[in-house]
Amino acid sequence: MIKSELVQRIAEHNPHLYQRDVENIVNAILDEIVAALARGDRVELRGFGAFSVKHRPARAGRNPRTGAHVPVDQKSVPFFKTGKEMRERLNREGGAPEAGA
31 MIKSELVQRI AEHNPHLYQR DVENIVNAIL DEIVAALARG DRVELRGFGA
81 FSVKHRPARA GRNPRTGAHV PVDQKSVPFF KTGKEMRERL NREGGAPEAG
131 A
């Protein structure tokens, strides 16, 4: 599902709201999550999950084509951990398809 599909689905479930208002709300929520992560904060949505930032230190990498060693700068990467309620709902409602099916 992409953001426009999410906006459309929320608008369908809430006919009293205009689609542009739903889009503004979704954008505001996502912008606040990004801003909080940029500040180094953790964002926890109960029943859904938690967003946080993991810091990866600088290291020596390797160019796979030439084999030459290259420096890789330190970086911060977003990390999402699902909440307990989401994991339970996914496993209760069918979850992943069986292997070999």
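Using the numbering used here, the letters of the sequence shown map in sequence onto residues 31 to 131.
Where a beta carbon is used, it is the ideal one built from N, C-alpha and C, also for glycine.
query                                                                                                                                              : result
What is the DSSP secondary structure of A88, counted as helix, strand or coil?                                                                     : coil
With DSSP as the reference, label E74 as helix, strand or coil.                                                                                    : strand
Quick check on the burial criterion: 16 or more other C-beta atoms within 10 angstroms. Buried or exposed for V102?                                : exposed
Exposed or buried, which one is V107 when buried takes at least 16 other CB atoms within 10 Å?                                                     : exposed
Quick one: residues in its chain with C-beta nearer than 8 Å to the C-beta of I63, no 5 flanking neighbours on either side, listed in chain order? : V73, F81
Could you check whether G91 and M116 sit closer than 8 Å to each other, using their CB atoms as the reference points?                              : no
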